[in-house]
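Down below is the structure, laid out as structure tokens.
Numbering (the numbering used here), first residue to last: 3 to 349.
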């Protein structure tokens with residue numbers, strides 16, 4: 003049994019430098035591995051111009067020395083990455099110029115069905131199916147981290163986005179935290195209903211605090227004990243079920259630019275408090291939309307505030323009120339379609 007296993011491992015080692023034949027040999031645009039690493043930089047630059055991004059990826063697998071030489075010429079090539087966690091599949095998509103150039107599927111079962119090796123930080127079994135590299139890992143988190151490291155060493159990562167279909171965050175939150183720790187720009191984070199502990203909620207929000215877009219369907223909790231909303235600096239924040247949101251938490255979100263909160267249980271007094279705080283300091287807020295369960299009376303919502311302009315309402319919408327905040331910033335408040343409260347900074 004032991005000799006057979008050693009023989010199989012030896013075959014896999016020989017395949018570790020294997021380059022997908024249909025991808026590279028059909029071009030004949032580069033020399034052998036031995037002479038490749040000895041070429042001058044100017045010659046290599048011309049070679050890389052003639053290769054696709056996918057061909058470059060396979061070429062990095064010829065040797066560590068080749069990968070190092072290649073990275074000196076490709077770090078200016080920008081890519082975007084999407085990490086996807088579906089019910090039955092977990093994978094990483096690589097995009098360049100708005101087109102998917104590569105996809106790596108992460109598996110933790112059925113190791114015997116892999117026929118080659120691929121070097122990330124460690125060497126892992128792989129197989130190539132259509133346009134997807136299927137990789138085998140002992141732990142999924144390790145797989146995600148090493149794949150991100152691999153591409154970060156080769157290209158300029160513009161941003162990493164996340165699409166999560168599962169509410170189980172024990173596996174995924176560490177990956178978002180890992181990107182944050184590596185100073186990788188986080189693009190969009192699309193999260194399902196979050197049902198974890200307050201600790202997991204805190205970790206998710208802290209790791210995503212600089213994201214471009216954060217979309218969370220909600221939290222399966224009557225309250226969220228997170229006291230650092232003021233640290234969130236998100237371009238677009240959408241929480242579909244924010245029934246737990248307090249006036250103080252809504253005020254603390256003013257460093258985000260565009261906010262949409264659904265299923266809010268705030269009343270006129272709460273919104274009046276929010277407006278007063280925004281008049282003192284609007285932060286970076288451009289727009290706040292709150293879909294309220296309560297039937298908000300606009301006149302009570304703005305009661306006692308210094309109003310500088312009013313647009314009277316009609317049969318379609320309520321009156322619109324303008325205020326002046328610190329620094330001469332003008333913003334308005336109104337009750338819009340379906341009772342949604344809209345607080346918006348003037349352009």
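Virtual Cβ for every residue (Gly too), placed ideally from N, Cα, C. Nothing here was measured: the structure is a model prediction, and the numbers come from that model.
Residue i versus residue j - alpha carbon distance
| i | j | result |
| --- | --- | --- |
| residue 74 | residue 174 | 31 Å |
| residue 39 | residue 58 | 14 Å |
| residue 82 | residue 88 | 19 Å |
| residue 117 | residue 268 | 58 Å |
| residue 334 | residue 324 | 4 Å |
| residue 155 | residue 142 | 20 Å |
| residue 347 | residue 286 | 10 Å |
| residue 42 | residue 67 | 14 Å |
| residue 45 | residue 126 | 32 Å |
| residue 61 | residue 218 | 39 Å |
| residue 341 | residue 260 | 18 Å |
| residue 23 | residue 103 | Because residue 23 carries a pLDDT of 36, less than 50, the predicted location of this residue cannot be relied on, and the following value inherits that uncertainty. Going by the C-alpha atoms only, they are around 17 Å apart. |
| residue 319 | residue 284 | 25 Å |
| residue 296 | residue 257 | 26 Å |
| residue 63 | residue 232 | 45 Å |
| residue 180 | residue 337 | 41 Å |
| residue 190 | residue 135 | 24 Å |
| residue 299 | residue 274 | 11 Å |
| residue 70 | residue 152 | 11 Å |
Test item: CB-CB of residue i and residue j under 7 Å
| i | j | result |
| --- | --- | --- |
| residue 237 | residue 205 | no |
| residue 108 | residue 121 | no |
| residue 345 | residue 290 | yes |
| residue 212 | residue 184 | no |
| residue 330 | residue 321 | no |
| residue 186 | residue 159 | yes |
| residue 343 | residue 292 | yes |
| residue 123 | residue 161 | no |
| residue 200 | residue 172 | no |
Under the three-state DSSP convention, the category residue i falls into
| i | result |
| --- | --- |
| residue 338 | coil |
| residue 136 | strand |
| residue 115 | helix |
| residue 232 | helix |
| residue 173 | coil |
| residue 41 | coil |
| residue 287 | coil |
| residue 237 | coil |
| residue 220 | coil |
| residue 129 | strand |
| residue 146 | helix |
| residue 347 | strand |
| residue 263 | strand |
| residue 153 | helix |
| residue 277 | helix |
| residue 158 | strand |
Closest residue to residue i among the options (Cα-Cα distance)
| i | options | result |
| --- | --- | --- |
| residue 55 | 123, 111 and 157 | 157 |
| residue 138 | 179, 110 and 154 | 110 |
| residue 203 | 184, 190 and 229 | 229 |
| residue 94 | 254, 188 and 163 | 163 |
| residue 86 | 153, 177 and 69 | 177 |
| residue 193 | 227, 243, 234 and 150 | 243 |
| residue 328 | 315, 308, 322 and 122 | 308 |
| residue 332 | 122, 258, 277 and 319 | 277 |
| residue 280 | 259, 305 and 253 | 253 |
| residue 249 | 264, 271 and 150 | 271 |
| residue 52 | 76, 70, 262 and 65 | 76 |
| residue 246 | 208, 188 and 294 | 294 |
| residue 216 | 227, 188 and 201 | 188 |
| residue 132 | 115, 301, 106 and 90 | 106 |
Cβ-heavy atom distance, residue i to the ligand ZN, below 6 Å
| i | result |
| --- | --- |
| residue 114 | Ligands are entirely absent from the displayed structure, and the ligand ZN is therefore not among its contents. |
Any C-beta of chain D under 7 Å from that of residue i
| i | result |
| --- | --- |
| residue 339 | Annotation note: the requested chain D is absent from the structure, which comprises a single protein chain. |
Can you check the stretch 177-215 for any alpha helix (DSSP H) of at least 4 residues that lies completely inside it and give the ranges in chain order?
With a minimum length of 4 residues, the continuous alpha helix (DSSP H) runs that stay inside the stretch 177-215 are 200-209.
At what residue ranges does the stretch 44-120 contain a whole run of the alpha helix (DSSP H), taking only runs of 4 or more?
Runs of the alpha helix (DSSP H) lying entirely within the stretch 44-120 and spanning at least 4 residues, in chain order: 55-61 and 66-76.
Which whole runs of the beta strand (DSSP E) in the stretch 289-334 are 3 residues long or more, in chain order?
Listed in chain order, the complete beta strand (DSSP E) runs (minimum 3 residues) inside the stretch 289-334 are 289-294, 311-313 and 322-326.
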